[in-house]
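Working notes, structure below.
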Amino acid sequence: MIKTLTNLYKIDYWIEKSLIPVKELLLIMARLYVAYSFLKSGLDSINDWTTTQYLYENDFHVPLLPPHVAAILGTGGELLFPILLILGFLGRISSLGLFFVNFVAYISYAYSLQTAGKMYHYIWGILLLVIILWGPGKMSLDYLLSKIKR
9 MIKTLTNLYK IDYWIEKSLI PVKELLLIMA RLYVAYSFLK SGLDSINDWT TTQYLYENDF
69 HVPLLPPHVA AILGTGGELL FPILLILGFL GRISSLGLFF VNFVAYISYA YSLQTAGKMY
129 HYIWGILLLV IILWGPGKMS LDYLLSKIKR
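Numbering (this note's numbering), first residue to last: 9 to 158.
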């Protein structure tokens, strides 16, 4: 029995080591997918600021913030954090910032989202949590800077 478990753990270890390149690829794909989604939204908000202000005043009910402040902070977060995430610079901090933006967006207009719209927020949230837990990966400025610092 012990020998069988030892062999299974050896197989598990081999699988883990062989999947390291896949992990790095998945981390960059997660970063780029989430960053694209939020950056596109931020650029759309900037390109039609009048509509953005209208939406924050009438549809997006952000708790504790006046609509114009929420519009500026929300759009700013959608523009700044994705750029940092693409670069992998301050990866955990930018992921945490986007997680917060995603959470506030979800609670601000969840009542009007259909199931598919809610699923996007769940997926973004899960991917951001993965980046927060594992970091942005080896294809990031964070990793490069950590090597230079040593």
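In this text, a Cβ means the ideal position worked out from N, Cα and C, and glycines have one as well. What you are looking at is a predicted structure, and each value in this text was computed from that prediction instead of being measured.
Can you tell me which of the options puts its alpha carbon nearest to the alpha carbon of residue i?
i	options	result
residue 82	135, 13, 92 and 113	113
residue 45	64, 70, 85 and 21	85
residue 77	88, 87 and 65	65
residue 38	88, 55 and 106	106
residue 54	9, 115 and 88	88
Should residue i be labelled buried (16 or more other beta-carbon atoms within 10 Å of its own) or exposed?
i	result
residue 156	exposed
residue 110	buried
residue 92	buried
residue 171	Absent from the structure is residue 171, since the part of the chain shown begins at 9 and ends at 158.
residue 125	exposed
residue 26	exposed
residue 90	buried
residue 40	exposed
residue 35	buried
residue 154	exposed
Take residue i and list the residues in its own chain whose beta-carbon comes closer than 8 Å to its own, dropping the five residues that flank it on each side.
i	result
residue 104	136 and 140
residue 67	117 and 120
residue 31	142 and 145
Whose C-beta lies closer than 7 Å to the C-beta of residue i among residues of the same chain, with five residues either side of it excluded?
i	result
residue 42	93, 106, 132, 135 and 136
residue 138	38
With a CB to CB cut of under 6 Å and the five nearest residues on each side skipped, what residues in its chain are close to residue i?
i	result
residue 61	79
residue 75	64 and 65
residue 47	90
residue 102	89, 92 and 93
- Query: Per the contact definition of three or more C-beta pairs closer than 8 Å, is the segment 136-150 in contact with the segment 87-98?
  - Reply: yes
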